[in-house]
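Below is one structure; the comments refer to it alone.
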Amino acid sequence: MSPDPTPRQPSALGAGTARAVLTVTGADRPGVTAQLFGALSAVTDDSPVVEVLDVEQVVVHGHLVLGVVVGALAADGRPPVGEAALLGHLARVAGEVESAVGVQVTVESAGGAAPAPVPVGRPHHVIVLGRPVPPEAVAGAARAVAGIGGNIDAIRRLSDYPVTSFELTVSGAESTALRTALGSVAASTGADIAVEQVGVARRSKRLIVLDVDSTLVRGEVIDELAARAGRAAEVARITAAAMNGELDFAESLRARVAVLAGLPEEVLDEVREHLVLTPGARTLIRTLQRLGFRCGIVSGGFTQITDPLAESLGLDFAAANTLEVVDGRLTGGLVGEIVDRPGKARALARFAEQYGIPLDQTVAVGDGANDLDMLNTAGLGIAFNAKPFVREQAHTALNQPYLDAVLQVLGFTRDEVIDAV
Numbered sequence: 015m016s017p018d019p020t021p022r023q024p025s026a027l028g029a030g031t032a033r034a035v036l037t038v039t040g041a042d043r044p045g046v047t048a049q050l051f052g053a054l055s056a057v058t059d060d061s062p063v064v065e066v067l068d069v070e071q072v073v074v075h076g077h078l079v080l081g082v083v084v085g086a087l088a089a090d091g092r093p094p095v096g097e098a099a100l101l102g103h104l105a106r107v108a109g110e111v112e113s114a115v116g117v118q119v120t121v122e123s124a125g126g127a128a129p130a131p132v133p134v135g136r137p138h139h140v141i142v143l144g145r146p147v148p149p150e151a152v153a154g155a156a157r158a159v160a161g162i163g164g165n166i167d168a169i170r171r172l173s174d175y176p177v178t179s180f181e182l183t184v185s186g187a188e189s190t191a192l193r194t195a196l197g198s199v200a201a202s203t204g205a206d207i208a209v210e211q212v213g214v215a216r217r218s219k220r221l222i223v224l225d226v227d228s229t230l231v232r233g234e235v236i237d238e239l240a241a242r243a244g245r246a247a248e249v250a251r252i253t254a255a256a257m258n259g260e261l262d263f264a265e266s267l268r269a270r271v272a273v274l275a276g277l278p279e280e281v282l283d284e285v286r287e288h289l290v291l292t293p294g295a296r297t298l299i300r301t302l303q304r305l306g307f308r309c310g311i312v313s314g315g316f317t318q319i320t321d322p323l324a325e326s327l328g329l330d331f332a333a334a335n336t337l338e339v340v341d342g343r344l345t346g347g348l349v350g351e352i353v354d355r356p357g358k359a360r361a362l363a364r365f366a367e368q369y370g371i372p373l374d375q376t377v378a379v380g381d382g383a384n385d386l387d388m389l390n391t392a393g394l395g396i397a398f399n400a401k402p403f404v405r406e407q408a409h410t411a412l413n414q415p416y417l418d419a420v421l422q423v424l425g426f427t428r429d430e431v432i433d434a435v
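So in my numbering, the last spot in the sequence shown is 435, and the numbers never skip.
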């Protein structure tokens with residue numbers, strides 16, 4: 015049996031001990047933090063001994079904001095230190111630091127009592143993305159968090175290209191209420207807002223599955239094939255009904271494939287050669303592979319297209335339907351298992367098992383109704399430029415032209431992406 019973890023040691027400060035907050039602002043430069051804490055650590059016969067209770071520091075475009083909470087310790091042989099004495103001592107420290115490094119230091123009381131505890135509940139990461147991010151999106155997110163009793167503990171920028179994204183760390187909010195409140199903000203402001211619980215699971219994702227048509231590549235392959243068969247309008251209507259959830263996917267797939275009967279097999283090569291990847295697709299795949307992800311595609315399309323595509327991108331796996339070909343021409347039929355809505359979810363589970371990766375450590379990205387089972391089977395399902403009813407049922411949604419915006423939903427910064435590629 016492993017030993018019990020070492021219990022957390024409480025602060026030596028009592029509930030009525032004087033506390034204060036120092037806030038340092040100004041141009042960032044080497045040595046500011048060292049100067050402040052050096053001054054705080056200097057003890058003379060008439061100065062109080064202080065304990066550091068909390069520290070937060072951020073640099074925004076070269077401008078430093080550093081906040082430090084300290085409390086007065088009751089040292090042996092010295093009388094208790096009151097608030098006035100602590101504030102007077104810290105004012106002298108502030109003056110010393112200002113003179114030494116040219117920043118502004120303010121000092122104020124933090125009150126004698128410890129801060130009120132944050133409501134119980136796992137904190138969340140809220141990602142706000144856009145190109146650009148409008149101020150009303152951040153304002154709306156902040157109001158939504160406050161409206162359900164939550165608190166924003168920290169904000170950091172994740173990226174400024176190809177989209178601007180900010181990560182808010184939110185405490186004291188229940189998941190369902192937070193998603194609902196922020197969903198309304200996203201709808202009204204046009205920004206994308208994703209919500210994930212804070213924890214190791216977020217950075218433990220190890221496998222990603224991408225849909226192909228209108229996700230990894232622009233457009234729908236079957237529409238291109240239908241155009242060459244002179245049946246584009248008919249197939250487009252069936253495709254739209256299937257993607258909107260108005261028609262069973264397996265039934266619609268057979269109906270669309272049937273109109274391709276008689277097409278020469280070479281047409282598949284022509285369509286494949288003209289595929290256009292979604293912007294950011296290569297960056298997403300290359301970055302995740304460098305970070306140790308297994309990457310692959312699961313498509314309701316056709317292996318004659320997806321297998322060469324997977325090979326060209328260096329993907330780990332691929333699953334799709336197979337068009338029947340006889341004497342060099344399409345028969346209008348399929349061979350093998352149909353990869354439909356439940357088939358996509360089964361494929362995700364199969365690949366996760368193959369690589370020994372739990373489903374809660376998987377990510378799925380897709381745009382259509384036939385992706386929903388796969389999106390909801392994965393640990394994180396992302397609806398990418400999807401129909402409204404798909405966005406509503408997925409874990410989170412992205413409405414950006416860049417597929418590598420998925421990296422920000424996973425919590426990776428732009429610098430981490432650059433380092434990985």
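The C-beta atom is built at its ideal place from N, Cα and C for all residues, glycine as well.
Look at the beta carbons and you see the stretch 213-232 not touching the stretch 143-150: under three pairs across the two are nearer than 8 Å. Between A34 and E150, the CB-CB gap reaches or exceeds 8 Å. Its chain contains L221, A366, A392 and G393 as the residues whose beta carbon lies nearer than 6 Å to that of T376, once the 5 sequence neighbours on both sides are disregarded; these appear in chain order.
Contact annotation: L291 and L230 have beta-carbon atoms nearer than 8 Å. Inclusion of V66 and V84 in the CB contact set at 8 Å is warranted, their separation being smaller than that value. Setting aside the 5 residues that flank it on each side, L362 is surrounded in the same chain by V223, V312, T376, A378, M388, T391 and A392, each with a C-beta closer than 7 Å to its C-beta; the list follows chain order. The C-beta distance from L344 to L277 rounds to 5 Å, short enough to fall under 8 Å. Contact between D237 and A250 holds, since their C-beta atoms are separated by about 6 Å, short of 8 Å. It is roughly 13 Å from the alpha-carbon of A201 to the alpha-carbon of A158.
Here DSSP, grouped into helix, strand and coil, assigns F180 to strand.
Between the alpha carbons of G346 and G163 lies a distance of about 58 Å. Taking every protein chain shown into account, the CB of D418 has 16 or more other CB atoms within 10 angstroms, so this residue is buried. Between the C-alpha atoms of R355 and R268 there is a straight-line separation of about 14 Å.
By the neighbour-count criterion, in which 16 or more other beta carbons inside 10 Å mark a residue as buried, D385 falls on the buried side. Looking at the DSSP output, E238 sits in no beta bridge, so it has no partner there.
With a 10 Å radius around the Cβ and a threshold of 16 neighbouring Cβ atoms, H409 comes out buried.
Going by C-alpha positions, G382 is about 16 Å away from Q414.
Between the C-alpha atoms of S326 and E210 there is a straight-line separation of about 33 Å. It is roughly 11 Å from the alpha-carbon of G154 to the alpha-carbon of G204.
T31 sits away from A108, with the two beta carbons spaced by 8 Å or more. Excluding five sequence positions before and after A124, the CB atoms of its chain that fall closer than 7 Å to its own CB belong to R33, A34, V35 and V83, given in chain order. Beta-bridge annotation (DSSP): L54 is not paired with any residue.
Approximately 13 Å separates the beta-carbon atoms of G380 and F403; this is outside 8 Å, ruling out the contact. DSSP places Q211 inside the beta strand (DSSP E), whose first and last residues are D206 to Q211. For F426, the three-state secondary structure derived from DSSP is coil.
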